[in-house]
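Following: one structure in structure tokens, then a few remarks.
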Amino acid sequence: MPKPFVRVSVDRERQLPILQIFSLARTMNERLRAAIPDVETVISITGRDDISIQDRTPYEVTVIEAICREIWQWPER
12 MPKPFVRVSV DRERQLPILQ IFSLARTMNE RLRAAIPDVE TVISITGRDD ISIQDRTPYE
72 VTVIEAICRE IWQWPER
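Okay, so the sequence shown: first residue is 12 according to the numbering used here, each after it adds one.
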């Protein structure tokens, strides 16, 4: 059974150009799939930077969060 999507929200106030968002999302997905082959993501542009990860091991959560923080340049939680 497939695992839920990893949901990544990007703050619209950062005013990233849409092509840059696509490029960053592609890079993020390539890095995530290299680390965790069955990961699938959904990107949304919202009012804040956030990530939702469900049904993953603690190791997978750590890897996913680290990659997302690096790609989107989020501060440590």
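By construction, the Cβ of each residue, glycine as well, lies at the ideal position given by its N, Cα and C atoms.
It should be emphasised that the depicted structure is a prediction, and the values quoted were computed from it without experimental measurement.
Answer with buried or exposed for residue i, where buried requires no fewer than 16 other C-beta atoms within 10 angstroms of its C-beta.
{"i": "L30", "result": "exposed"}
{"i": "M122", "result": "Residue 122 is absent from the model: the chain starts at 12 and stops at 88."}
{"i": "I56", "result": "exposed"}
{"i": "V53", "result": "exposed"}
Per DSSP, which one or two residues make a beta bridge with residue i?
{"i": "D9", "result": "Outside the modelled stretch of the chain, which goes from 12 to 88, sits residue 9, for which no answer is possible."}
{"i": "S63", "result": "R18"}
Figure out for me which residue from the options has the closest Cα to the Cα of residue i.
{"i": "C79", "options": "P28, G58, K14 and R44", "result": "R44"}
{"i": "A46", "options": "F33, P15, V72 and I32", "result": "V72"}
{"i": "A36", "options": "R18, P69, V74 and K14", "result": "R18"}
{"i": "I82", "options": "S63, K14, Q26 and T38", "result": "T38"}
{"i": "E41", "options": "W85, Q84 and I75", "result": "I75"}
Looking only at its chain, what residues have a beta carbon closer than 6 Å to the beta carbon of residue i, apart from the 5 residues adjacent to it on each side?
{"i": "E51", "result": "F16"}
{"i": "D22", "result": "R59 and D60"}
{"i": "S20", "result": "S55, T57 and D61"}
Please list, in chain order, all residues of the same chain as residue i whose beta carbon is under 8 Å from its beta carbon, the five residues on each side excluded.
{"i": "D49", "result": "P13 and K14"}
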